[in-house]
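*Asks:* Residues -21 to -1, 1 to 88 in mature numbering (1 follows the signal peptide of the UniProt record, and there is no 0) are what the sequence shown lists, from first letter to last.
Quick one: this structure, given as structure tokens, is what I'll be asking you about.
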Amino acid sequence: MKSLKLVLMPLLLTFSLIGCGDKGVSFDGQDEKSFLQSMKLVEQSISEQPETKKAYNEAMEAIYFKATMQLYHLKASEFDARIRAALDGKTAQDVIDDQNDIFVHIVNG
């Protein structure tokens, strides 16, 4: 029974992050570990879509660059927390479509 739980738990976690029937895999800004795991899932979800992947990478680079230029005075932990909060619940497409709003959210805290 334990081995069944070990197999089912990762699958359930994956499906809960994907969210059956919703808009796709999204960032989980709850904490750093969740954020990094969800970032990998977001990036995997677009790995077979070269144009979307390119647009996503460009959007993320722009967000991070502009935010770094504006918030250079913040401690790294506070900066990271703002990034996580701004991206929480966003899909790769949201990042592409809403990069300016995400940036404003990061800067305004």
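We put the beta carbon where it would ideally sit given N, CA and C, even for glycine.
Considering only the alpha carbon of each residue, which of L66, G3 and L15 lies closest to A38?
*Replies:* Residue numbering aside, residue 38 sits at position 59 when the sequence shown is read from its first letter. Closest option to A38, Cα to Cα, is L66.
*Asks:* Within the same chain, show all residues whose beta-carbon is closer than 6 Å to that of A34, passing over the 5 residues directly before and after it, in chain order.
*Replies:* On the sequence shown, position 55 is the one that residue 34 refers to. These residues qualify, in order along the chain: I75.
*Asks:* Check the C-beta distance from K69 over to F6 and give it rounded, since I have them as a contact under 8 Å.
*Replies:* Numbered from 1 along the sequence shown, position 90 holds the residue referred to as residue 69. Numbered from 1 along the sequence shown, position 27 holds the residue referred to as residue 6. Their Cβ separation, rounded to whole angstroms, is 5 Å, which keeps K69 and F6 in contact under 8 Å.
*Asks:* Kindly indicate which residue of V86, A71, F82 and N87 has the alpha-carbon position closest to the one of E27.
*Replies:* Residue 27 sits at position 48 when you count from the first residue of the sequence shown. Closest option to E27, Cα to Cα, is A71.
*Asks:* When the Cα atoms are used, what is the spatial distance from M48 to G3?
*Replies:* On the sequence shown, position 69 is the one that residue 48 refers to. On the sequence shown, position 24 is the one that residue 3 refers to. Going from the Cα of M48 to the Cα of G3 covers about 31 Å.
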